[in-house]
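J.: Protein chains in written order, with this note's numbering: chain A, 1 to 196; chain B, 197 to 392. Below: one structure in structure tokens.
What follows is the structure, given as structure tokens:
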């Protein structure tokens, strides 16, 4: 197995799906976390000045979604066939559109204007994909995408419990199902308490 | 070969990389184009109310980037190994960030504020990936990503010839190289004159 080193901030956010994938597969990795004070002095040494970055035997891969998909392929956490892989990719892009739509949703006004409508718009599409798999996960088995959804909706359920429960209860259930996977138990028991 | 049907507007934009991939591979597809008058009445019949959508033997795949990657895998237009595939995916995400950065760039003021700085920021990163492959394409051979870049920078070179020539001449060259591929000759000779 190559040597993996994840560079990210001391946050869950875009880094946590990567950590969950490693935890689920029991693959060791170095979890380097930068604080916002030191980041400006480190920024230039990373491709595109952004995090997360994953080092694989010293070679660098940036762009969170490219990293998720790479690990999905590498660890057998992708679709079971080319069509399922394509549909997971489609749903991943849709999750990204959802995240774009809810950017800066905090505050009551924005919550009404953006967050609730986004849940109402995207929720049924996410549900359709979940229902289609019949497994309770987004694919016929656990895939990289489940860790993305679980990570995001665990956080949202903390900040907006009522909206999540009312509009997308199936995503709260999905997160709980993913985070109850026995392979994650040890990692989660030691995980730092954070909501972003 | 499955039956392919592309649903998109009567534009190049997000649909053209898909058309170029089919043309390059000599794979027939139905090129359905909607005009903006009829679209509102069609919108609801598409997943997520968005285009492009690709039908593959009647099954629907939405999300342009998921479609590009699906066809890349299906037609052998992806990386030669898992690392090259990951790096192409990274560069594709970066191209997407670039497109986000230049949204609504028309008009002199926005041009100065957004378009030129985006070319200066992203250009060197694109160049690094091009240089790394050594082939003149983004991968060691032609990949799906080359059709995305060629399609975008062909359009930009029409609207902003000086900026493109000054800041990212290597991307203008890249587009020309891709669009000069002999496999595309017949398609391009019949293609409708459009710049978006």
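Ideal placement from N, C-alpha and C gives every residue a C-beta, glycine not left out. Since the structure is predicted, the reported quantities are computational estimates derived from the model, not experimental observations.
(1) Taking just the CA atoms, how far does residue 281 (chain B) sit from residue 341 (chain B)?
(2) Using three-state DSSP, classify residue 61 (chain A) as helix, strand or coil.
(3) Could you tell me the boundaries of the alpha helix (DSSP H) in which residue 10 (chain A) lies?
(4) Where does the unbroken beta strand (DSSP E) through residue 30 (chain A) begin, and where does it stop?
(5) Can you find the residues in the same chain that come closer than 6 Å, C-beta to C-beta, to residue 92 (chain A), ignoring five residues on each side of it along the sequence?
(6) Assuming contact is defined by CB atoms lying nearer than 8 Å, are residue 360 (chain B) and residue 368 (chain B) in contact in what I supplied?
(7) Between residue 69 (chain A) and chain B, is there a C-beta pair that is closer than 8 Å?
(8) In terms of residue numbering, what span does the alpha helix (DSSP H) encompassing residue 55 (chain A) cover?
(9) Just curious, the alpha helix (DSSP H) that residue 377 (chain B) is in, first and last residue?
(10) I'd like to know whether the C-beta of residue 61 (chain A) is nearer than 8 Å to at least one C-beta of chain B.
(11) Measuring only the C-alpha atoms, how far is residue 357 (chain B) from residue 312 (chain B)?
(12) Mapping the DSSP letters down to three states, classify residue 242 (chain B) as helix, strand or coil.
(13) If the cut is a Cβ gap below 7 Å, which residues of chain A does residue 290 (chain B) touch?
(14) Which bits of chain B does residue 125 (chain A) rub up against, with CB to CB less than 9 Å?
(15) For residue 218 (chain B), which three-state DSSP category applies?
(16) For residue 46 (chain A), collect the residues of the same chain with a Cβ closer than 8 Å to its Cβ; drop the 5 residues on either side in sequence, then sort them by chain order.
(17) Taking buried to mean at least 16 other C-beta atoms within 10 Å of its own C-beta, is residue 167 (chain A) buried or exposed?
(18) Using 10 angstroms around the beta-carbon of residue 235 (chain B), count the other beta-carbons present and answer buried if the total reaches 16, otherwise exposed.
(19) Taking CB distances under 8 Å as the criterion, tell me whether residue 83 (chain A) reaches chain B.
(20) Just to make sure I have the definition right: I need the residues of chain B whose C-beta is within less than 7 Å of the C-beta of residue 66 (chain A). Which are they?
(21) In three-state DSSP terms, what is residue 301 (chain B)?
(22) Shorter than 8 Å from the beta carbon of residue 210 (chain B) to some beta carbon of chain A?
(23) Go to residue 273 (chain B), then tell me how far its alpha helix (DSSP H) extends in each direction, as first and last residue.
(24) Three Cβ pairs or more, each shorter than 8 Å: is that satisfied between the stretch 295 to 309 of chain B and the stretch 70 to 90 of chain A?
(25) Do residue 338 (chain B) and residue 380 (chain B) have their C-beta atoms closer together than 8 Å?
(26) Strictly by DSSP, which residues pair up with residue 197 (chain A)?
T.: Judging by the given coordinates:
(1) 10 Å
(2) strand
(3) Unbroken run through residue 10 (chain A): none, as it is neither H nor E.
(4) 30 to 34
(5) 145
(6) In contact: residue 360 (chain B) and residue 368 (chain B) (Cβ atoms closer than 8 Å).
(7) The beta carbon of residue 69 (chain A) falls within 8 Å of a beta carbon belonging to chain B, placing the residue at that interface.
(8) Not the alpha helix (DSSP H): residue 55 (chain A) falls in the beta strand (DSSP E), residues 53 to 56.
(9) In the DSSP assignment, residue 377 (chain B) falls outside any alpha helix (DSSP H), carrying neither H nor E.
(10) yes
(11) Rounded to whole angstroms, the gap between the alpha carbons of residue 357 (chain B) and residue 312 (chain B) is 12 Å.
(12) coil
(13) 48, 63
(14) 243, 244
(15) helix
(16) 7, 53, 60, 62
(17) buried
(18) Exposed: under 16 other Cβ atoms inside 10 Å.
(19) yes
(20) 282, 285, 286, 289
(21) It is coil, neither helix nor strand.
(22) Closer than 8 Å: no.
(23) It is not in any alpha helix (DSSP H) - residue 273 (chain B) carries neither H nor E in the DSSP assignment.
(24) no
(25) no
(26) Beyond the ends of chain A as shown, which are 1 and 196, falls residue 197 (chain A); an answer cannot be given.
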